[in-house]
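Visitor: What follows is a single structure, and I will ask about it in a moment.
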Amino acid sequence: MIIKANNLSKVYKGKVQAVKNVTISLEKSKFYAIMGHSGSGKTTLLQLLGLLDKATSGELYIDGENVANLNENEKAKIRMGKIGFVFQAFYLNPKLKAYENVMLPMYINENYRNDDLKEKAMNLLEQLGMSDRAKHYPKELSGGEQQRVAIARSLANNPDCIFADEPTGNLDIENEIIVFEILKKLSREGKCVLVVSHNEIVKKYADKLFYMDKGILREEISNEI
Ligand SMILES: Nc1ncnc2c1ncn2[C@@H]1O[C@H](COP(=O)(O)OP(=O)(O)OP(=O)(O)O)[C@@H](O)[C@H]1O
Ligand SMILES: [Mg+2]
Numbered sequence: 031m032i033i034k035a036n037n038l039s040k041v042y043k044g045k046v047q048a049v050k051n052v053t054i055s056l057e058k059s060k061f062y063a064i065m066g067h068s069g070s071g072k073t074t075l076l077q078l079l080g081l082l083d084k085a086t087s088g089e090l091y092i093d094g095e096n097v098a099n100l101n102e103n104e105k106a107k108i109r110m111g112k113i114g115f116v117f118q119a120f121y122l123n124p125k126l127k128a129y130e131n132v133m134l135p136m137y138i139n140e141n142y143r144n145d146d147l148k149e150k151a152m153n154l155l156e157q158l159g160m161s162d163r164a165k166h167y168p169k170e171l172s173g174g175e176q177q178r179v180a181i182a183r184s185l186a187n188n189p190d191c192i193f194a195d196e197p198t199g200n201l202d203i204e205n206e207i208i209v210f211e212i213l214k215k216l217s218r219e220g221k222c223v224l225v226v227s228h229n230e231i232v233k234k235y236a237d238k239l240f241y242m243d244k245g246i247l248r249e250e251i252s253n254e255i
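Following my numbering, the numbering of the sequence shown begins with 31 at its first residue and continues without gaps.
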């Protein structure tokens with residue numbers, strides 16, 4: 031087990047209860063999907079589980095460590111080493127070439143001090159079929175290609191988990207499938223993959239499918255035999 035949440039809740043200022051008593055365990059080698067209406071709390075939950083935001087109540091354990099006891103620095107360290115993030119808007123740095131974007135998170139990783147970061151970045155881009163685009167700037171890449179660079183960047187520090195919030199929200203169907211196939215492959219190779227998506231296609235890839243409704247998370251049990 032990697033991430034375990036017990037009764038996690040989040041109340042924003044203004045008293046919006048975005049996440050209500052969510053209990054969930056995330057393990058390696060699994061693909062988890064969370065679906066649900068706009069405003070149901072999916073992004074908030076992903077940010078709580080990914081240590082990007084702090085819960086109002088409840089417990090969160092990452093590899094057995096109670097996150098409540100950690101300061102911001104310690105949390106940032108855990109995030110860097112254990113969780114890679116992918117977002118709908120890609121968020122690539124427009125001034126950096128594809129491989130430089132992938133190298134960026136490696137610079138702050140002390141474990142990589144003596145490594146050839148460019149080689150590491152090129153290897154990741156190769157895994158995603160992006161070798162021939164490595165020296166392009168983001169604006170010279172299609173949306174699908176930019177998202178593949180963003181996925182390579184999320185893998186930069188070899189995290190156990192990939193958290194993706196609407197990773198295909200800006201893509202056409204063809205690229206949507208490419209991105210889901212890549213995320214599925216990563217889960218088969220051992221990553222814990224958590225995807226928030228509006229897209230029904232994600233159901234096909236999920237080992238576990240959840241629905242979020244007004245902050246409440248419920249697991250969808252498959253009817254398939
Ligand atoms: N920073 C914030 N401050 C106050 N309320 C917020 C904040 N962020 C989100 N909310 C509210 O919390 C609720 C859940 O928002 P959240 O972004 O988690 O939903 P979502 O399921 O990801 O929606 P979408 O599918 O549109 O991305 C919404 O009612 C939203 O308005
Ligand atoms: Mg959202």
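C-beta atoms are modelled at their ideal positions from N, C-alpha and C, and glycine is treated no differently.
Which class does residue 46 belong to by DSSP, given the choice of helix, strand or coil?
Guide: Locating residue 46 in the sequence shown gives position 16, counting from the first residue. Here residue 46 sits in coil by DSSP.
Visitor: So does residue 73 have its beta carbon nearer than 7 angstroms to some heavy atom of ligand 2?
Guide: Against the sequence shown, residue 73 aligns to sequence position 43. Yes, since a heavy atom of ligand 2 falls inside the 7 angstroms radius drawn around the Cβ of residue 73.
Visitor: Just how far apart, CA to CA, sit residue 145 and residue 81?
Guide: Position 115 of the sequence shown, counted from the first residue, corresponds to residue 145. Position 51 of the sequence shown, counted from the first residue, corresponds to residue 81. Roughly 27 angstroms between the two C-alpha positions.
Visitor: Where are the beta strand (DSSP E) runs, 3 residues long or more, that stay fully inside the stretch 103-167, in chain order?
Guide: Correct list: 113-117.
Visitor: Measuring alpha carbon to alpha carbon, tell me which of 239, 249, 220, 222 ends up nearest residue 229.
Guide: What you label residue 229 is simply residue 199 of the sequence shown in a count that begins at 1. Checking every option, the nearest Cα to that of residue 229 belongs to 239.
Visitor: Looking at residue 69: is its Cβ nearer than 8 angstroms to the Cβ of residue 187?
Guide: Start at 1 with the first residue of the sequence shown, and residue 69 comes out as number 39. Start at 1 with the first residue of the sequence shown, and residue 187 comes out as number 157. No, the Cβ-Cβ distance between residue 69 and residue 187 is not below 8 angstroms.
Visitor: Return yes when at least one heavy atom of ligand 1 lies under 7 angstroms from the C-beta of residue 242, else no.
Guide: Mapped onto the sequence shown, residue 242 falls at position 212. Yes, ligand 1 has a heavy atom inside 7 angstroms of this Cβ.
Visitor: List the whole-angstrom C-beta distance separating residue 164 from residue 122, where the pair is believed to meet the contact cut-off of C-beta under 8 angstroms.
Guide: In the sequence shown, residue 164 corresponds to position 134, counting from 1. In the sequence shown, residue 122 corresponds to position 92, counting from 1. Not really, about 13 angstroms apart at Cβ, beyond 8 angstroms.
Visitor: Once you ignore the five residues that flank residue 184 on each side, which residues in its own chain have a CB closer than 7 angstroms to its CB?
Guide: Counted from its first residue, the sequence shown places residue 184 at position 154. Cβ neighbours of residue 184 beyond the five flanking positions: 114, 115, 116, 192.
Visitor: Pick helix, strand or coil for residue 192, following the three-state DSSP scheme.
Guide: By 1-based counting over the sequence shown, the position of residue 192 is 162. If DSSP states are grouped into helix, strand and coil, residue 192 belongs with the strands.
Visitor: Buried or exposed for residue 162, please, with buried defined as at least 16 other CB atoms from any protein chain shown within 10 angstroms of its CB.
Guide: For this step, residue 162 is matched to residue 132 along the sequence shown. So residue 162 counts as exposed.
Visitor: Say whether the stretch 192-210 touches the stretch 40-53, bearing in mind that this needs 3 or more beta-carbon pairs closer than 8 angstroms, one atom from each stretch.
Guide: Touching, no, given that fewer than three Cβ pairs across the two stretches are closer than 8 angstroms.
Visitor: Closest by CA to residue 256, which one among 64, 59, 74?
Guide: The first residue shown for the chain is 31 and the last is 255, placing residue 256 beyond what the model contains.
Visitor: Can you grab the Cα-Cα spacing for the pair residue 175 / residue 233, in whole Å?
Guide: Taking the sequence shown and counting its residues from 1, the one referred to as residue 175 is at position 145. Taking the sequence shown and counting its residues from 1, the one referred to as residue 233 is at position 203. Going by the C-alpha atoms only, they are around 23 angstroms apart.
Visitor: Between residue 46 and residue 149, what straight-line distance do the alpha-carbon atoms span, to the nearest angstrom?
Guide: Here residue 46 refers to the residue found at position 16 of the sequence shown. Here residue 149 refers to the residue found at position 119 of the sequence shown. Cα to Cα, the separation comes out at about 46 angstroms.
Visitor: Which residues in the same chain have their Cβ closer than 7 angstroms to the Cβ of residue 53, if we skip the five residues on either side of it in sequence?
Guide: Numbered from 1 along the sequence shown, position 23 holds the residue referred to as residue 53. Counting only Cβ-Cβ distances below 7 angstroms, and skipping sequence neighbours, we find 35, 36, 37.
Visitor: Which word fits residue 245, buried or exposed, when buried means at least 16 other C-beta atoms lie within 10 angstroms of its C-beta?
Guide: The residue labelled residue 245 in the question sits at position 215 within the sequence shown. Label assigned to residue 245: buried.
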